[in-house]
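Trainee: This is the structure I want to talk about, given as structure tokens.
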Amino acid sequence: MKNIIITIDGWSSCGKSTLAKQLAKALGYVYIDSGAMYRAITLYFLRNHINWLNTEDVNNALADITLSFKFNNKTQQSEIYLNEENVEYVIRDLVIAEKVSEIAAIREVRTFAVAQQQKMGEEKGIVMDGRDIGTTVFPDAELKFFMTADIAVRVERRYIEMFEKNPNTSIDDVKANLEMRDYIDSNREISPLRKAADAVELDNTSITIDEQLKIALQLAKERINREQD
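According to the working numbering, the sequence shown is numbered sequentially starting from 48.
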């Protein structure tokens with residue numbers, strides 16, 4: 048069977064990672080969470096008090112960063128490692144969420160991350176989610192999805208996720224964070240969030256996770272079969 052590259056872009060809290068993980072598992076593909084890469088970089092910057100407004104400081108910091116994904120047999124998912132430290136759960140904190148879009152908008156940071164992402168996709172057989180995967184990282188990907196949902200639905204989803212980790216989280220803080228990230232992601236100068244012209248739009252405001260997977264998996268299998276011909 049010929050492998051392809053599947054990209055999943057879209058707004059925050061649209062369930063990109065959920066679909067990407069399910070799709071990768073169903074197809075026997077590797078799942079790569081590009082957002083986790085930017086969050087890990089953000090974590091490093093915050094921990095080491097990097098002045099990300101200074102290009103030299105940014106480049107020096109990036110030179111000291113190694114990112115990798117390792118499969119955790121216990122959780123049955125790929126987890127991100129920052130300089131050999133498993134930071135999969137640390138990077139989900141709201142403090143990281145508040146800064147990640149700002150740091151991910153830096154040209155040098157995106158160049159660094161995109162180069163690593165493209166290297167991970169050389170053998171194909173991957174599902175990668177993010178905000179510029181189908182437009183910048185893999186513009187020639189065989190199948191692209193763009194996910195969206197009503198803002199109220201996205202806020203509720205993120206609130207539930209954050210509340211489980213931090214009961215002091217307020218829904219107003221979550222809403223403000225999402226709106227800020229949406230603005231920065233879609234207005235940044237480098238690789239802004241855009242729907243690729245050839246992407247399939249998936250609006251999951253009113254459909255279940257299982258219904259969404261069924262749609263995406265059917266399209267993926269059809270595309271893979273076409274590649275065989």
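Think of the CB as a built atom: it goes at the ideal place given N, C-alpha and C, for glycine as much as any other residue.
Tell me the rounded alpha-carbon separation between Gly172 and Tyr136.
Mentor: Rounded to the nearest angstrom, the two C-alpha atoms are 26 Å apart.
Trainee: According to DSSP, simplified to helix, strand and coil, what is Glu170?
Mentor: DSSP places Glu170 in coil when its eight states are reduced to three.
Trainee: Under 8 Å, with one C-beta from each stretch per pair, do the stretch 101-112 and the stretch 53-71 reach the 3-pair mark?
Mentor: Flag = no, the stretch 101-112 and the stretch 53-71 do not touch.
Trainee: Taking the alpha carbon of Ala144 as the point to measure from, which residue in Ala87, Asp197, Asn50 has its own alpha carbon closest?
Mentor: Of Ala87, Asp197, Asn50, the residue nearest in Cα terms is Ala87.
Trainee: Report the rounded CA-to-CA distance for Asp111 versus Asp80, giving the unit in angstroms.
Mentor: Whole-angstrom Cα-Cα distance: 21 Å.
Trainee: Going by C-alpha distance, which of Asp56, Thr252, Glu236 is nearest Glu149?
Mentor: Residue Glu236 is the option with its Cα nearest to Glu149.
Trainee: When you compare only the Cα positions, how much space is there between Val244 and Met209?
Mentor: The sequence given here has Ala at residue 244, not Val. Between Ala244 and Met209, the C-alpha separation is close to 33 Å.
Trainee: Considering only residues of the same chain and omitting the five flanking positions on each side of Tyr76, which have a CB-CB separation below 8 Å?
Mentor: Once the five neighbours on either side are set aside, the close Cβ partners of Tyr76 are Asn50, Ile53, Leu70, Gly172, Ile173, Val174.
Trainee: Let's see if you can read the secondary structure: which residues bound the alpha helix (DSSP H) around Tyr91?
Mentor: Segment 81-94, the alpha helix (DSSP H) holding Tyr91.
Trainee: Any idea which residues DSSP pairs Met175 with across the strands?
Mentor: DSSP output for Met175 lists Thr54, Ile79 as bridge partner(s).
Trainee: Could you check which residue in Lys72, Gln124, Arg154 has the C-alpha nearest to that of Tyr85?
Mentor: For the residues Lys72, Gln124, Arg154, the minimum Cα distance to Tyr85 belongs to Arg154.
Trainee: On the CB-based measure, 16 or more other CB atoms within 10 Å of its CB, does Ser129 come out buried or exposed?
Mentor: Strictly speaking, residue 129 in this sequence is Leu, with Ser absent from that position. The residue in question, Leu129, is buried, as its Cβ has 16 or more Cβ neighbours within 10 Å.
Trainee: On the criterion of 16 or more Cβ atoms from any shown chain inside 10 Å, does Asn95 qualify as buried, or is it exposed?
Mentor: Exposed: under 16 other Cβ atoms inside 10 Å.
Trainee: With a floor of 4 residues, list each alpha helix (DSSP H) that falls wholly inside the stretch 130-209, ordered by position along the chain.
Mentor: Taking only runs of at least 4 residues, the alpha helix (DSSP H) segments lying wholly in the stretch 130-209 are 141-151, 154-167.
Trainee: Quick one, are the C-beta atoms of Asn159 and Leu249 less than 8 Å apart?
Mentor: Per the sequence shown, the amino acid found at residue 159 is Phe instead of Asn. Not a contact, by the Cβ cut-off of 8 Å.
Trainee: When the Cα atoms are used, what is the spatial distance from Leu109 to Gln163?
Mentor: So the two alpha carbons sit approximately 12 Å from each other.
Trainee: Measure the alpha-carbon distance for Glu211 versus Val202 and round it to whole angstroms.
Mentor: Their backbone Cα atoms lie some 14 Å apart in a straight line.
Trainee: When we look at the beta-carbon of Thr255 and count the other beta-carbons within 10 Å, is it buried (16 or more) or exposed?
Mentor: Its Cβ having fewer than 16 others within 10 Å, Thr255 is exposed.
Trainee: I need the straight-line Cα distance from Arg178 to Asp276, nearest angstrom please.
Mentor: If you take the alpha carbons of Arg178 and Asp276, they lie about 31 Å apart.
Trainee: If you check the beta carbons only, do Ala83 and Ile138 fall under 8 Å apart?
Mentor: Their beta carbons are under 8 Å apart, which means Ala83 touches Ile138 by this criterion.
Trainee: How far does the alpha helix (DSSP H) with Ser233 in it extend, from its first residue to its last?
Mentor: Segment 218-234, the alpha helix (DSSP H) holding Ser233.
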